[in-house]
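Q:
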Amino acid sequence: MKQRPEIVRSLVASDLDRTLIYSSAALALSMADEEAPRLLCVEVHEGRPLSFMTETAAALIQRLAAAAEFVPATTRTRKQYRRINLPGPVPRYAICANGGHILVKGHTDHDWNAEMRRRLAEGCAPLAEVRAYMARTADESWLRKERIAEDLFVYLVVERSLLPELWVKDLAEWAEERGWTVSLQGRKIYAVPKPLTKSAALAEVVRRTGADHVLAAGDSLLDAELLLAAHTAWRPGHGELADTGWGAPHVDALTLPGVAAGEEILRRMLSVARR
338 MKQRPEIVRS LVASDLDRTL IYSSAALALS MADEEAPRLL CVEVHEGRPL SFMTETAAAL
398 IQRLAAAAEF VPATTRTRKQ YRRINLPGPV PRYAICANGG HILVKGHTDH DWNAEMRRRL
458 AEGCAPLAEV RAYMARTADE SWLRKERIAE DLFVYLVVER SLLPELWVKD LAEWAEERGW
518 TVSLQGRKIY AVPKPLTKSA ALAEVVRRTG ADHVLAAGDS LLDAELLLAA HTAWRPGHGE
578 LADTGWGAPH VDALTLPGVA AGEEILRRML SVARR
């Protein structure tokens, strides 16, 4: 983790799901069918297309990668991230597991992961305690799956229409006292240790690259620190941040929802990066 900085142009750190790439359920194609944009599939899972971006966004992301250091920053595990096939070259750096892993040219930086696990051991309640509480209080009527991600955090897949809002609120209050954050994203409820952030991993990537201007984008509560760590940032017109009216002076709050927002974010990032 002591590599000498390599001075680069602007660095772009962006969330992926529901920021740059979208499932079919999240596309928000409100226009007439004949006016819908052409879509490119960027992820296949178990033989089925899973995530998409517009063809225009696909061209923009390639131009952005040529103008800046593009760093995907996702809560996905490394295995889930590797299913994504973005247009253009493989990013030199990628942030996975909400900052728990940094990939360098596709390979895990084990020193960084060890550093994050040290921070977690010192700064919050253990994963087993949080997992046990969620398992004890969740109801099988709305709980569909429980997953442990990289032995770092836990998330539940739920039937959103049956999920009691009070349960999420109570979990968030309980977790807060133990140094954890709760985030509701679509059908998933994440419980993540507070020291485990994309912004922590971003700071390390910035140190290594020597970047002096950082752009960022994201849609969820888990992206808030990432956006605050940037010089210029964007959030789409959907997601937790939009729903709660979250903002900051340097964060451009788009009104566009869905895949159109992903395209517009890339367009604006490219414009700033080229300056």
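The sequence shown maps to residues 338 to 612 in the numbering used here.
Built from N, CA and C at the ideal position, the CB exists for glycine as well.
Given the structure is predicted, the values throughout are model-derived calculations rather than measurements.
Looking at the structure shown, is Lys442 part of a helix, part of a strand, or coil, going by DSSP?
A: Correct three-state label for Lys442: coil.
Q: Does any C-beta atom of chain B lie closer than 7 Å to the C-beta of Glu496?
A: The question asks about chain B, but that chain is absent: this structure has only one protein chain.
Q: Per the contact definition of three or more C-beta pairs closer than 8 Å, is the region 598-612 in contact with the region 548-559?
A: With a cut-off of 8 Å, the region 598-612 and the region 548-559 count as touching, because enough Cβ pairs lie within range.
Q: Here's the rule: buried if 16 or more other CB atoms are within 10 angstroms of the residue's CB, otherwise exposed. What is Gly599?
A: Label assigned to Gly599: buried.
Q: Assess, as a yes-or-no matter, whether the region 508-525 is touched by the region 462-481 under the definition of 3 or more beta carbon pairs within less than 8 Å.
A: In short, these stretches touch, since the Cβ pair count reaches three.
Q: Rounded to a whole number of angstroms, what is the C-alpha to C-alpha distance between Ser347 and Ala362?
A: Distance between the alpha carbons of Ser347 and Ala362 is about 33 Å.
Q: Tell me the residue span of the beta strand (DSSP E) that contains Lys525.
A: Lys525 -> beta strand (DSSP E) spans Lys525 to Pro530.
Q: Would you list, in sequence order, the uninterrupted beta strand (DSSP E) runs of no fewer than 3 residues that lie entirely inside the region 533-569?
A: List check, beta strand (DSSP E) in window: 551-554.
Q: Name the one or two DSSP bridge partners that Ala517 has.
A: Reading the sequence as shown, one finds Trp at residue 517 and not Ala. Answer is Pro530, bridged to Trp517.
Q: Return the residue from the list Ala350, Glu477 and Leu533 that minimises the CA-CA distance to Ala451.
A: The shortest Cα separation from Ala451 among Ala350, Glu477 and Leu533 belongs to Leu533.
Q: Can you confirm whether the region 412-420 touches the region 390-400 when touching is taken to mean that 3 or more C-beta pairs between the two stretches lie within less than 8 Å?
A: With a cut-off of 8 Å, the region 412-420 and the region 390-400 do not count as touching, because too few Cβ pairs lie within range.
Q: Helix, strand or coil: how does DSSP classify Ala350 here?
A: Here Ala350 sits in strand by DSSP.
Q: Tell me whether Glu459 is buried or exposed, calling it buried when 16 or more other Cβ atoms sit within 10 Å of its Cβ.
A: It counts as exposed.
Q: Touch check for the region 399-409 and the region 500-511: three-plus C-beta pairs under 8 Å?
A: The region 399-409 is not in contact with the region 500-511.
Q: Do you know offhand how far Arg473's Cα is from Ala369's?
A: Cα to Cα, the separation comes out at about 46 Å.
Q: Please list the terminal residues of the continuous alpha helix (DSSP H) segment that includes Ile398.
A: Where Ile398 is concerned, the enclosing alpha helix (DSSP H) stretches over Glu392 to Ala404.
Q: Closest by CA to Gly437, which one among His568, Ala579, Leu539 and Glu477?
A: Of the listed residues, the one whose Cα sits closest to Gly437 is Leu539.
Q: Assign Ile485 to one of two classes, buried (16 or more other C-beta atoms within 10 Å of its C-beta) or exposed (fewer than that).
A: Exposed, because fewer than 16 other Cβ atoms sit within 10 Å of the Cβ of Ile485.
Q: Compute the beta-carbon to beta-carbon distance between Ala566 and Val588, rounded to the nearest angstrom, for a pair I have assumed lies under 8 Å.
A: Going by Cβ atoms, the distance from Ala566 to Val588 rounds to 11 Å, so no, they are not a contact pair.
Q: According to DSSP, is Ser608 part of a helix, a strand, or is it coil?
A: Reduced to three states, the DSSP call for Ser608 is helix.
Q: Measure the beta-carbon distance from Pro530 to Cys461 and round it to whole angstroms, keeping in mind my assumption that it falls under 8 Å.
A: Indeed they touch by this definition, with Cβ atoms about 4 Å apart.
Q: Nearest-angstrom Cα distance between Ser360 and Pro594?
A: Computed Cα separation, rounded: 13 Å.
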